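Here's the structure, in structure tokens; my notes come after.
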Amino acid sequence: MNEFVTDATLKEIGRVVVWSAEVDLVLAGVLDDLVGARRAKLLTAGQNFTWLVQAIKKVVNEAWDQPDRTLDGLLEDASRLHESRDLVVHGVWLPKDIHAYLADEDPTEYHAVRPRRWKETLIGKTLTDDELRALADELMQLSVTLRKWRDDYLPYNESRYARAEWRTGRRQLPASPEPE
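Numbers 1292 to 1471, taken from this note's numbering, label the letters of the sequence shown in order.
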């Protein structure tokens, strides 16, 4: 009998895992630079995705005169992709066509299902290798775009730490360009 999940599918699942971890790392870096303290990494290291996004929003809300629409959009994209990532990473993978699987054919589509806390039902979605590849590619592009936003719009010095300007009140950063 063939492997339950093919090597090609496992490769794409792995790409989703790698690029979602990269997005988490970049979000931690954004938060480090927003806080602007050399020891910010002590707070951000090992934090989960939800904590990082909430902390970024909180710091921006407290420290900036107005929200940054580009950053808000990037965080929304990250949240949407993270929800899909969670299904891939935490889901149980079942061949969509169980009869073909039992006939020793490699699956090409899967049901990925996962339980939700405090609910009796499972949530799930049918996924293909192409959809997994697209998700990994979107996560990769988000990582690149978040890094570019950080490098373009957060002040930093040679040591890659933002200058703390808390004593002088709220800081005004250059506006991000409007999304196209």
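Ideal Cβ placement from N, Cα and C applies to all residues, glycine included.
Please read these numbers as outputs of a predicted model, since none were measured by experiment.
Helix, strand or coil: which one does DSSP assign to residue 1336? coil
N- and C-terminal bounds of the beta strand (DSSP E) containing residue 1385: 1383-1386
So, residue 1300 versus residue 1423, is the Cβ gap smaller than 9 Å? yes
Quick one: any contact between the stretch 1412-1421 and the stretch 1429-1438, if contact means 3 or more CB pairs under 8 Å? no
Three-way DSSP call (helix, strand, coil) for residue 1526 in this model: For residue 1526 there is no data in the structure shown, the boundaries of the chain being 1292 and 1471.
Which residues in the same chain have their Cβ closer than 7 Å to the Cβ of residue 1308, if we skip the five residues on either side of it in sequence? 1380
Is the separation between the beta-carbon of residue 1323 and that of residue 1312 shorter than 9 Å? no
Report yes if the C-beta distance between residue 1426 and residue 1376 is below 9 Å; otherwise report no. yes
Evaluate residue 1367 with the Cβ neighbour count: other Cβ atoms within 10 Å of its Cβ, from every protein chain shown; 16 or more gives buried, anything less gives exposed. exposed
In whole angstroms, what separates the C-alpha of residue 1419 from that of residue 1384? 11 Å
When the Cα atoms are used, what is the spatial distance from residue 1328 to residue 1405? 39 Å
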